[in-house]
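Read the structure below first, then the notes.
Chains as they are written, first to last, in UniProt numbering: chain C, 1 to 346; chain D, 1 to 346.
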């Protein structure tokens, strides 16, 4: 790599002090017009560009925004990012993205990398970890770098968030399964220290109770949002003495795994077992057997997250404001759970 | 936002010069051990962290690597990035990602953003634009920031690349359609100023010619890699006096659009029209009618791209080396083109 030009190189070339170079580049009025011109021309000749960064450091603005997501190969997160970009781009901001792969160590590294990259703010969906400490988030707050959570959030004072009403989404999905005649509905849950998964669990549970069905903790299984994990967990459920007649999954990926496993057992969907996922990933629509899922309007979520950031960035005062935006989810009913005709035939 | 602590703040607090603070933080031997200790402790107390960046500027290393892709919501690009991360992480590098949405202006902005973020290198797949200028790439080279292309490359002296043998992938796909009895094979192409699309076109053309079929430029249509574009283009093809009996698409997304459009016309796949895509996106496997496609081993592509970067980063000398790695593609035959039984019945 060739060495970068510094203000010292320019100073040496012009036989003036580095301080003069710095002042000239920053447009300090103590510097004569002729010197300023000479310094600027020399800087250009020598391919000097650090001053942009130096200015950014000074003004506290790089116009780069960091976005951290568990994974980019999920349509949900990719769409949120798209919404963020669409909203921020007209304001001159650029989005740089990191993924955590749901590992807390990587999440911490990502935050440090983005801080080193001088981002003006971090918009993130936290990783699925059981990390107790908030230290890495507190570090951001201490440095005055705006932090905004979307979808997966942690309750941290001073941090705004944009989420959907996961309780309602799960309640509606479970109610739909009950309306279809299902009586023993299993739940593929996820790490419930993350609020979205906790709320999906609570919404599911409440719908079961409100409809006078038996709530059985044995058919609530915590798993990871992966196809293979969905298969494994469903295998467990099918091996039970009283297997479920429906599965409500907190993730489309585990729902897909559940469907693969149910088919492998020669059972029919939705007749023998109905399946509902969460997130409305595009594959739920393309599948041979399309999957019922809960839509989270991700592009809107991204846009609103960006708007919350823009507001906070404007408030450069010492005012600490915290905003919680909660969007309403929508159940998209498809083949994997729609057996109304069968029910009405009974 | 709270103001960042600078070396001037530390200097003021300790009543020493900023230069001394800077030297102490950088471990200059002219500074006494006691001063160094005092400065470091004060810097820590005052939450000073700029020195990390300053050191990064000095050493030319931030351990951040920028990856630029046209879109993150493509399994192909997400998998390449995964391969890059897996390979670079053990070396202490962090990956930050930008997407261009195939817009050249955004591509240029992304490069500038990543330069401002002080990345140690940029690994990228260029956007689908007809931009004539190489200026933004030359800027990187001039600054000595390693640039490596993967998949979508441009021929630029001094820039290494990792691609697959697109000619071979397209040739094999077209030969397969011919073997299935197809005689009038259309090609959904893309911007052929991008080498991968040019090579896919050339491979397709060569297979047509080698098999003694008529090559008809009228059924080669340039389109964008989007489902809707695939539908539109296929509509055009189906309206022709002599419509094709097969479509070889340079993208799985346009292939998906083609399938939707063919179905909407009440035609059968593969009996009436066979379809082959390119990239082996996961949805090609999940579809009701699974799609034949060309696999590009993206994780391996990412890993090798990262390895090429690591080699170049080691060569901090003035040696300019250029490496071109070409991986071999594999045709995955599925429902959308497999009609062997029908052919043999004839």
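All C-beta atoms, glycine included, are put in the ideal place defined by N, C-alpha and C.
Just so you know, these numbers come straight off a predicted model, no measurement behind them.
Within 7 Å of any Cβ in chain D, is that where the Cβ of residue i sits?
i, result
"residue 62 of chain C", "yes"
"residue 283 of chain C", "yes"
"residue 113 of chain C", "yes"
"residue 98 of chain C", "yes"
"residue 246 of chain C", "no"
"residue 75 of chain C", "yes"
"residue 286 of chain C", "yes"
"residue 176 of chain C", "no"
Report the three-state DSSP secondary structure of residue i (helix, strand or coil).
i, result
"residue 40 of chain D", "helix"
"residue 336 of chain C", "coil"
"residue 330 of chain C", "strand"
"residue 257 of chain C", "helix"
"residue 52 of chain D", "Confidence at residue 52 of chain D is low in this model, with a pLDDT of 49, below 50, so its placement is unreliable and the value that follows should be read with caution. Of the three classes helix, strand and coil, the one that applies to residue 52 of chain D here is helix, per DSSP."
"residue 136 of chain D", "helix"
"residue 75 of chain C", "helix"
"residue 13 of chain C", "helix"
"residue 176 of chain D", "helix"
"residue 141 of chain D", "helix"
"residue 129 of chain C", "coil"
"residue 267 of chain D", "coil"
"residue 31 of chain C", "coil"
"residue 5 of chain C", "coil"
"residue 118 of chain D", "coil"
"residue 194 of chain D", "coil"
"residue 314 of chain C", "helix"
Name the DSSP beta bridge partners of residue i, please?
i, result
"residue 187 of chain D", "D/220, D/248"
"residue 325 of chain D", "D/162"
"residue 64 of chain D", "D/94"
"residue 275 of chain C", "C/247"
"residue 148 of chain D", "D/123, D/160"
"residue 69 of chain D", "D/99"
With 16 other CB atoms within 10 Å as the buried threshold, where does residue i fall?
i, result
"residue 267 of chain C", "exposed"
"residue 183 of chain D", "exposed"
"residue 51 of chain D", "Low per-residue confidence applies at residue 51 of chain D: pLDDT is 45, beneath 50, and the placement is therefore not dependable, though the value from the model is reported in the following sentence. Burial call: buried."
"residue 90 of chain C", "exposed"
"residue 142 of chain D", "exposed"
"residue 229 of chain D", "buried"
"residue 8 of chain D", "exposed"
"residue 265 of chain C", "exposed"
"residue 17 of chain C", "exposed"
"residue 339 of chain D", "buried"
"residue 252 of chain D", "buried"
"residue 315 of chain C", "exposed"
"residue 12 of chain C", "exposed"
"residue 19 of chain D", "exposed"
"residue 212 of chain D", "exposed"
"residue 255 of chain C", "buried"
Any beta-carbon of chain C closer than 7 Å to the one on residue i?
i, result
"residue 117 of chain D", "yes"
"residue 380 of chain D", "The question about residue 380 of chain D has no answer here: the residues shown for chain D are numbered 1 through 346."
"residue 335 of chain D", "no"
"residue 91 of chain D", "no"
"residue 78 of chain D", "yes"
"residue 300 of chain D", "no"
"residue 295 of chain D", "no"
"residue 124 of chain D", "no"
"residue 167 of chain D", "no"
"residue 104 of chain D", "no"
"residue 72 of chain D", "yes"
"residue 265 of chain D", "no"
"residue 135 of chain D", "no"
"residue 346 of chain D", "The pLDDT assigned to residue 346 of chain D is 31, lower than 50, so where the model puts this residue is not dependable, and the model offers no usable value."
"residue 109 of chain D", "yes"
"residue 187 of chain D", "no"
>> Ignoring anything shorter than 3 residues, give me the beta strand (DSSP E) runs that lie fully in the stretch 198-243 of chain C, in order along the chain.
In response: Every unbroken stretch of the beta strand (DSSP E) spanning 3 or more residues and falling wholly within the stretch 198-243 of chain C is given here in chain order: 220-222.
> What are the start and end residues of each continuous alpha helix (DSSP H) run of 4 or more residues lying completely inside the stretch 281-310 of chain D, in chain order?
Replying inline: Entirely contained in the stretch 281-310 of chain D, the alpha helix (DSSP H) runs reaching 4 residues are, in chain order, 283-286.
> Can you list, in chain order, the stretches of the beta strand (DSSP E) that have 3 or more residues and sit fully within the stretch 88-116 of chain C?
Replying inline: Entirely contained in the stretch 88-116 of chain C, the beta strand (DSSP E) runs reaching 3 residues are, in chain order, 94-99.
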